[in-house]
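Just below is one structure, and these are the notes that go with it.
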Amino acid sequence: MSWQTENDVPLIGGDGELLLRLARDSVAYGLEEGEPLPVDPTEFPEALRQVRATFVTLHLDGDLRGCIGVLQAARPLVVDVAQNAFAAAFQDPRFPPVTRPEAQKLTYHVSILSPPTPLTFTDQQGLLRQIRPGVDGLILEDGRYRGTFLPAVWESLPQPDQFLMHLKMKAGLPPDYWSPTLRVQRYTCQSISD
């Protein structure tokens with residue numbers, strides 16, 4: 180993908196399957212042990228040992244069942260996926276912990292994030308002109324308020340103005356909020372689903 184640097188090792192088809200299996204295994208391990216699956220990055224291909232930021236999203240019967248991730252890369256990809264899968268299943272504050280019967284029916288989506296890049300703008304129209312529908316994930320910040328939408332959110336909010344309005348509300352701001360101190364960064368995702 181375009182956001183890989185010279186030092187990045189690209190993911191290949193089998194790598195995605197390994198990440199999905201790792202997410203499933205971490206949830207299964209969590210049901211038994213109450214903690215994420217311990218992962219030794221040296222046991223995985225080089226591409227999966229790279230330090231990357233991820234989100235893991237769980238669905239049950241087509242409905243969101245948990246989504247947890249990080250925006251800044253701080254640990255090897257395989258460790259990040261195992262930790263975030265566990266957290267999505269058992270620590271998402273919007274949902275009760277996943278039960279054994281639910282775990283058997285979950286579907287998994289792993290998003291590997293590019294490094295975020297800041298957008299420069301002076302007003303909302305300038306910001307909206309830069310947003311790429313269906314491509315960009317956004318991080319919106321102002322003071323203590325912060326929120327993000329993954330690129331997958333474009334499926335339910337396809338218009339940039341609606342996407343931005345809902346992101347403001349997710350961050351705890353009014354939908355029509357504007358301030359010269361508002362900061363927005365964008366990122367892209369490499370997505371893997373089962």
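First residue of the sequence shown? That's 180 in this note's numbering, and the numbers climb one at a time after it. C-beta: ideal position from N, C-alpha, C; glycine also.
With distances taken Cα to Cα, identify the nearest neighbour of residue i among the options.
| i | options | result |
| --- | --- | --- |
| T301 | P215, T233, L361, L227 | L361 |
| P359 | L319, G326, K349 | L319 |
| L325 | G316, E334, K349, Y356 | Going by the sequence as given, residue 325 is Arg instead of Leu. When each option's Cα is compared against that of R325, the closest is K349. |
| P280 | A207, T233, T327, Q229 | A207 |
| F274 | P215, V314, D242, G322 | D242 |
| A282 | P272, G305, R203, L346 | R203 |
| P220 | E214, Q303, V258 | V258 |
| L307 | V230, K284, W357 | W357 |
Between which two residues does the beta strand (DSSP E) holding residue i run?
| i | result |
| --- | --- |
| G245 | 242-248 |
| A232 | 232-239 |
| L292 | 285-292 |
Hey, quick one: how far does the alpha helix (DSSP H) through residue i stretch, first residue to last?
| i | result |
| --- | --- |
| V260 | 256-269 |
| G305 | 303-309 |
| R273 | Careful: R273 lies outside any alpha helix (DSSP H) and carries neither H nor E. |
| R323 | Looking at the DSSP string, R323 is not in any alpha helix (DSSP H), and its letter there is neither H nor E. |
| L343 | 339-349 |
| E281 | 279-282 |
Report buried or exposed for residue i, applying the criterion of at least 16 other Cβ atoms within 10 angstroms of its Cβ.
| i | result |
| --- | --- |
| L199 | buried |
| T184 | Since pLDDT at T184 reaches only 39, below the 50 mark, its modelled position is unreliable, and the value read off the structure follows with that caveat. Label assigned to T184: exposed. |
| S372 | exposed |
| S335 | exposed |
| D194 | buried |
| N186 | Note that N186 has pLDDT 44, beneath the 50 cutoff, so the model's placement of it is unreliable and the number below is only indicative. So N186 ends up on the exposed side. |
DSSP beta-bridge partners for residue i?
| i | result |
| --- | --- |
| G316 | Y366 |
Counting contacts by CB-CB distance shorter than 7 Å, is residue i in contact with chain B?
| i | result |
| --- | --- |
| A268 | The structure shown has no chain B; it contains just one protein chain. |
Exercise for the section: Count the CB pairs spanning the stretch 361-371 and the stretch 283-301 that are closer than 8 Å, and state whether there are at least three. Expected result: Short answer: they touch.
Handout entry: Touch test, the stretch 221-230 against the stretch 240-250, Cβ-Cβ under 8 Å, three pairs minimum
Key = Flag = no, the stretch 221-230 and the stretch 240-250 do not touch.
Handout entry: Given 8 Å, three or more beta-carbon pairs between the stretch 256-269 and the stretch 323-342
Key = Judged by pairs of C-beta atoms under 8 Å, the stretch 256-269 does not touch the stretch 323-342, as fewer than three such pairs exist.
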